[in-house]
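Visitor: If you're matching positions, the sequence shown starts at 5 in this note's numbering and goes up one per residue. Quick reminder that beta carbons are idealized off the backbone N, C-alpha and C, glycines included. Given the structure is predicted, the values throughout are model-derived calculations rather than measurements.
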Amino acid sequence: MFKKLLPFILLLTFHFLQSQNEFITIWKPPTAPNMDFTVVAPYQVGANQIWFPGVGQNYTISWEEVGYPQHNGTMPNVTSTTQILIDFGTALNPLSNDVKYRVKVSNGNGSFNQIKFGLMYPSTASYQFPMFQNLGSIERILEVEQWGNIQWTSMYSAFANCEHLKITATDLPNFNNVTDVSYMFYKIPNLVAHASMGNWNMSTIKNFQAMFGGSSGDLITDTFNAPIYSWNISSAENLSHMFEGRFAFNQNINNWNTTNVKNMSYMFAGCEAFNQPLNNWNTSNVTNMSNMFQSSNFNQPINSWNTSKVTDISGMFHDADYFNQPLVSWNTNKLENMNSAFVGADSFDQSLGSWDLSSLTNATLAISGTAMSCINYSNTLTGWALNPNTANNISLGPLLMLSYSPDVITDRNTLISKGWQIFGDTLGTCVTKEGLGTSETVSLKSSVYPNPAHHIIYLKNMSAATNFIITDLSSRIMMKDIIKEDFINIQNLTSGTYILQIITKEKTESFKFIKK
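1. Whose CA, out of Phe272, Leu139, Gly387 and Asn335, lies closest to the CA of Pro46?
2. Could you tell me if Tyr125 is buried or exposed, where buried requires 16 or more neighbouring beta carbons within 10 angstroms of its beta carbon?
3. Roughly how many whole angstroms lie between the Cα atoms of Asn341 and Ser186?
4. Rounded to whole angstroms, what's the CA-CA distance from Asn310 to Tyr326? Just pull it up for me.
5. Where does Ile486 land, buried or exposed, given buried means 16+ other C-beta within 10 angstroms?
6. Can you grab the Cα-Cα spacing for the pair Ser450 / Met405, in whole Å?
7. Looking at the secondary structure, which residues open and close the alpha helix (DSSP H) in which Gly387 lies?
8. Grouping DSSP H, G and I as helix and E and B as strand, with all else coil, what is Glu510?
9. Only counting runs of 3 or more residues, tell me where the beta strand (DSSP E) segments fall wholly within the region 229 to 309, in order along the chain.
10. Tell me, please, whether the region 44 to 63 touches the region 168 to 178 by the rule of three or more beta-carbon pairs shorter than 8 Å.
11. Under 8 Å: do the region 267 to 278 and the region 236 to 256 share three or more Cβ pairs, one atom per stretch?
12. Return the first residue and the last residue of the beta strand (DSSP E) that Thr64 is part of.
13. Taking the Cβ atom as the reference point for each residue, do Thr336 and Phe352 lie within a distance shorter than 8 Å?
14. How long is the line joining the alpha carbons of Gly441 and Gly357, rounded to whole angstroms?
15. Could you tell me which of Gln329, Ile518 and Tyr63 sits nearest to Lys108, measuring between CA atoms?
16. Answer yes if the region 490 to 499 comes into contact with the region 452 to 465, meaning at least three C-beta pairs across the two stretches below 8 Å, and no otherwise.
17. Buried or exposed for Thr512, going by 16 or more other Cβ atoms inside 10 Å?
18. Would you identify the three-state DSSP class for Ile426, choosing helix, strand or coil?
19. Run through DSSP, which three-state label would Ala199 get?
20. Distance, Cα to Cα, Thr508 vs Ile473?
21. From Pro80 to Tyr105, what distance separates their C-alpha atoms?
22. Which same chain residues, not among the five before or five after Met206, have their C-beta less than 7 Å away from its C-beta?
23. Does the region 158 to 171 touch the region 191 to 209, meaning 3 or more C-beta pairs lie closer than 8 Å?
24. Is the distance from the Cβ of Ser355 to the Cβ of Ala395 below 8 Å?
25. Please name the residue, chosen from Pro98, Pro410 and Ala468, that lies closest to Cys378 on a Cα-to-Cα basis.
26. How big is the Cα-Cα spacing for Phe216 and Asn284?
27. Using a 10 Å radius around the Cβ and a threshold of 16 neighbouring Cβ atoms, would you call Pro330 buried or exposed?
28. Give me the DSSP bridge partner(s) of Glu167.
29. How long is the line joining the alpha carbons of Val446 and Phe515, rounded to whole angstroms?
30. Report all residues from its chain with a CB closer than 6 Å to the CB of Gly423; omit the five preceding and five following residues, and keep chain order.
31. Identify which residue in Gln48, Lys191 and Ser294 has its Cα closest to the Cα of Ala214.
32. Going by DSSP, which residues form a beta bridge with Asp316?
33. Do Val290 and Val314 count as a contact pair if the criterion is CB distance below 8 Å?
34. Terminal residues of the continuous alpha helix (DSSP H) containing Asn417?
35. Within 10 Å of its beta-carbon, does Gly218 have 16 or more other beta-carbons around it, so buried, or fewer, so exposed?
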């Protein structure tokens, strides 16, 4: 009996193994006329047809109507460089809204190696959101059920603009010969991915540009948050736009190997949920971080990043409303462009005074609209002014809502004398240079500064003071008033030497100072 059944068992095994080798997708014809997008093809499809954008030689396509397997067809020895027309004929399902087709592709007598729904308009290649021509029926593909044993050669724009796509396949695609997955799932706002995506072998991929980017969804409809934290991206060079616009993505990818990455521009732009640690990333080869966290909610420490090769951080934290981390350790000696780097980052209150701006060419709006305190803005100006290698002829303004300490007027003027355009900021009252000059101290706990002073003299450790009197050296009273702040405005005094008397309930302390 077993000998009689053996051929049948072998046949079943053969068909089972063969079915595992197929790339399987699900398609659905439109439920209403004029719902198709134009395809760059010899002609547009009919109601029961699709343009399948496959590339290969002598491969086999078979299809069947879902739920009606007797309605099927096979296309052997297909060779295509752009797309192939599949005509399903008249459906058997009487409910037109429920008609679907399962399309299976195998290597057949040759090889099938690429699917490519998108072709970028060359004129838009440099745009933030480039436009793609459609090479396949983007609105008709619904699902990838199985990857099969296809040896893919490229996944560039593989499913670009396929807005209804779901990845339900539990097996893993073979990317051993793939280096490019850029735009693979571009502009798919409601992309659904099976958890098995986290097990994909990405070790050969160099270009991840906009792989999941270009989304225009929202927090309600965009649920893409695949567990891809264990991906091996050690070959990656380009991560630009990778998650741009992905509202829900918030995976901890801190252990990714980014050693070879050069471009991280726009990587998390518009990612409203993303706020995971990235301090472990090796950024030693990155040159472009422009707009990396633009309009995102990111607020994690990245002060340890190696930025020694970075030339562009323009827009890096543009409208990043939550970011407020120190960046004092960044090596910026090759930084050329920080245009709008922190513009609108209305929580950012850190000093950038340690930054080496010797290579800088553009800083327009770099810190406009930030929450920089008087102290941090003043220290920023001082740090840049004291570095003799700071670049000349830089426009920094407008700087509305920022104020600087009287202590740094000279530093601010130093930058202006080097051709810097600094405007829109105002003179504040904070103190940055305590105890400088010839400040006299009657007690170890109290002092006045700066000395000499131009417009403001500050009081240190005098919280008990109630009144003050200023006299000249002939003891004539020049000013007197109640002390309401920790400073006294002396701009109306003429240049000379004066005595300041600070009066408390217990005593009166005297300080000699010079008004410039």
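Guide: On the basis of the supplied data:
1. Leu139
2. exposed
3. 26 Å
4. Rounded to the nearest whole angstrom, the CA to CA distance from Asn310 to Tyr326 is 22 Å.
5. With fewer than 16 other Cβ atoms within 10 Å, it is exposed.
6. If you take the alpha carbons of Ser450 and Met405, they lie about 32 Å apart.
7. The continuous alpha helix (DSSP H) containing Gly387 extends over residues Cys378 to Leu390.
8. coil
9. none
10. no
11. By the Cβ test, the region 267 to 278 is in contact with the region 236 to 256, since at least three Cβ pairs between them sit closer than 8 Å.
12. Segment Gly58 to Glu69, the beta strand (DSSP E) holding Thr64.
13. no
14. At Gly441, the pLDDT of 38 sits below 50, so the modelled position is not reliable; the number obtained from the coordinates is stated separately. If you take the alpha carbons of Gly441 and Gly357, they lie about 22 Å apart.
15. Tyr63
16. At 8 Å Cβ cutoff, the stretches touch.
17. exposed
18. coil
19. helix
20. 12 Å
21. 18 Å
22. The beta carbon of Met206 lies closer than 7 Å to those of Phe179, Trp235, Asn236 and Ile237 in the same chain, with the five residues before and after it left out.
23. yes
24. no
25. Comparing Cα-Cα distances from Cys378 to each of Pro98, Pro410 and Ala468, the minimum goes to Pro410.
26. 23 Å
27. exposed
28. In the DSSP output, where bridge partners are listed per residue, Glu167 has none listed.
29. At Val446, the pLDDT of 34 sits below 50, so the modelled position is not reliable; the number obtained from the coordinates is stated separately. C-alpha separation (whole angstroms): 7 Å.
30. Asn396 and Asn397
31. Lys191
32. Asn292 and Asn341
33. yes
34. Ile413 to Ser421
35. Buried.
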